[in-house]
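Visitor: There's a structure below that I have some questions on.
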Amino acid sequence: MLKRILVSIPIVVIVALAAIFQSWILVILAAVLALTTQFEIVRALNGNGKRVVIFTSYLFAVVLAAFFVGFFLLLQNGADYVPWMPVLSLSAFVILIMLTFIIAMFSRKHTADSVTNTIFTFVYPQLFMALFYMLILANIGEYYRMLVVFLMVLIPAMFSDTFAYFIGMALGKRKLCPQISPKKTVAGSIAGIIGGTVGALLITVLFWGGKDILYFMASGAILGTISQFGDLSASFIKRSLNIKDFGKILPGHGGIVDRMDSILFCIPVVFILTTTGLI
395 MLKRILVSIP IVVIVALAAI FQSWILVILA AVLALTTQFE IVRALNGNGK
445 RVVIFTSYLF AVVLAAFFVG FFLLLQNGAD YVPWMPVLSL SAFVILIMLT
495 FIIAMFSRKH TADSVTNTIF TFVYPQLFMA LFYMLILANI GEYYRMLVVF
545 LMVLIPAMFS DTFAYFIGMA LGKRKLCPQI SPKKTVAGSI AGIIGGTVGA
595 LLITVLFWGG KDILYFMASG AILGTISQFG DLSASFIKRS LNIKDFGKIL
645 PGHGGIVDRM DSILFCIPVV FILTTTGLI
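Mapping the sequence shown onto the working numbering, position 24 (from 1) lands on 418, and the numbers just tick up by one.
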C-alpha cells in the first residue's frame, strides 16, 4: 500500500499540471491509460483460463479513444460541445457486443463464456474511462474548473488509501473482508472515509476559495467510501484469477489497473456531481 501511495503522488502532479496548462497532454494521457488498462485486463483474463474475444475487446477500447480524440480536436477548433460521446459510446458498446457474439458463434475456440468475459472488459475498465473522457471534454477551456474536477477524482481516493493504510496498520484489529483482502481492517476502512473527507476539504480550501465546504466534505466521504469498493473489487477479480497484480509496467508496483482501481470507481461519482452542477 505504501508503494501505491508513493506512485500516486507523481500521477496527481502530472494530471494537475496537464489540466492547468495543456489539455492535449491530458487527452493523450487518458487515451494511453485506457488502452493500457484494457491490455492488462484482457491479458489477465486470457492468461488464467477466462478466454476473451481479443479483437472486439481491443477494438472497443480503440474506438472509444478515437471518439474522444476526435471530439477533442473538434472542440479545439471552435465547435460547441455536443454530448454525442455518450450516444456513440453506447452505440459502439451494443454493436461490438453483437460482433462478439458473431465471432464466438463461428469460432471453435470460443464459447458463451468468452462473450461474457469480453463484455466484462467493455465495462471494466472501458465504460469507466468513457466517463473520464466525457469529464475532460465537458471542461475543455475551463482549466481551473478542470483542475478541481480531476483533483476530486484523484485526491479523495489517494487520501483514503493513505489514511486506511497507516491507521489500519496502527489500530486495525477486526478484519474487513479477509476472504478478499486479508490486510484490510474495519478501522482502516473508517479511516479511509475520513481521509476522503480531508482530501476534499483541502481541495475546496486551496482551490475553490473555501466555498461549499460541507458539500465538498460530504462528497469526499462518499468518494472515500467508493474508492475502497474499487480497491476491493480489483482484489476480488485478482483473487478469482489467482494473480497478485494485473501487470508489471510499474516495476515493483504492479500494473496500471492496480494503481487506478480505487480511482476508477470515483470517476462515475464525480461525473454525476459535475453533470448535475454540484461542482
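Cβ coordinates follow ideal geometry from the N, Cα and C atoms, glycine included.
(1) Taking only the alpha-carbon atoms, compute the straight-line gap between L482 and D507 and give it to the nearest angstrom.
(2) Using the three-state DSSP reduction, which class does S575 fall into: helix, strand or coil?
(3) Per the contact definition of three or more C-beta pairs closer than 8 Å, is the stretch 524 to 541 in contact with the stretch 637 to 656?
(4) Can you tell which of M563, T598 and L458 has the C-alpha that lies nearest to the C-alpha of I549?
(5) Excluding five sequence neighbours on each side, which residues of the same chain lie with their C-beta closer than 6 Å to the C-beta of A425?
(6) Quick check on this structure: which residue in R539, F462 and G589 has the alpha carbon closest to the alpha carbon of L429?
(7) When we look at the beta-carbon of P342 and count the other beta-carbons within 10 Å, is it buried (16 or more) or exposed?
(8) Quick one: using the 10 Å Cβ neighbour count with 16 as the cut-off for buried, is T668 buried or exposed?
(9) For K444 and W418, I'd like the C-alpha separation in whole angstroms.
(10) Looking at L565: is its Cβ nearer than 8 Å to the Cβ of A551?
(11) With respect to the alpha helix (DSSP H) encompassing Q432, which residues constitute its N-terminal and C-terminal limits?
(12) Within the continuous alpha helix (DSSP H) that includes T668, where are the two ends?
(13) Mind checking whether I616 and V663 have CB atoms under 8 Å apart?
(14) Confirm, please, whether the CB-CB distance from I620 to F526 is below 8 Å.
(15) To the nearest angstrom, report how far apart I588 and K567 are at their CA atoms.
(16) Considering only residues of the same chain and omitting the five flanking positions on each side of L570, which have a CB-CB separation below 6 Å?
(17) Are the CB atoms of F528 and M492 nearer to each other than 8 Å?
(18) Would you identify the three-state DSSP class for L672, choosing helix, strand or coil?
(19) Mark A438 as exposed unless 16 or more other C-beta atoms lie within 10 angstroms of its C-beta, in which case mark it buried.
(20) Can you list, in chain order, the residues of its chain with a C-beta nearer than 8 Å to that of I607? Leave out the 5 residues immediately preceding and following it.
(21) How many angstroms separate the CA atom of V447 from the CA atom of A498?
(22) Could you tell me if L484 is buried or exposed, where buried requires 16 or more neighbouring beta carbons within 10 angstroms of its beta carbon?
(23) What's the C-alpha gap between F465 and P576?
(24) In terms of alpha-carbon separation, which member of G603, F665 and L468 lies closest to Y538?
Guide: Reading off the structure:
(1) Taking the straight line from one Cα to the other gives about 26 Å.
(2) Correct three-state label for S575: strand.
(3) Not touching, per the Cβ criterion.
(4) With distances taken between Cα atoms, I549 lies closest to T598.
(5) For A425, where only same-chain residues beyond five positions count, the Cβ hits under 6 Å are A459.
(6) Looking at the Cα atoms, F462 is the closest of the given residues.
(7) This structure gives no information on residue 342, because the portion of the chain shown stretches from 395 to 673.
(8) Classification for T668: buried.
(9) The straight-line gap from Cα to Cα measures roughly 36 Å.
(10) Contact flag unset, no.
(11) Run containing Q432: S417 to N440, per the alpha helix (DSSP H) assignment.
(12) Its alpha helix (DSSP H) spans residues I650 to T669.
(13) Yes, Cβ-Cβ distance for I616 and V663 is below 8 Å.
(14) Contact annotation: F526 and I620 have beta-carbon atoms that are not nearer than 8 Å.
(15) CA-CA distance, I588 to K567, rounds to 18 Å.
(16) Closer than 6 Å at Cβ, skipping near neighbours: K578, T579, V580 and S583.
(17) Position check: residue 528 holds Met in this sequence, whereas Phe was assumed. Result no, Cβ atoms of M528 and M492 do not sit closer than 8 Å.
(18) Looking at L672 - three-state DSSP - the assignment turns out to be coil, as it is neither helix nor strand.
(19) A438 comes out buried.
(20) Within its own chain, the residues whose Cβ lies closer than 8 Å to the Cβ of I607, once the five positions on either side in sequence are excluded, are L595, T598 and V599, listed in chain order.
(21) For V447 and A498, the distance between alpha carbons rounds to 7 Å.
(22) Its Cβ having fewer than 16 others within 10 Å, L484 is exposed.
(23) Between the C-alpha atoms of F465 and P576 there is a straight-line separation of about 44 Å.
(24) For Y538, the closest C-alpha among the options G603, F665 and L468 is that of G603.
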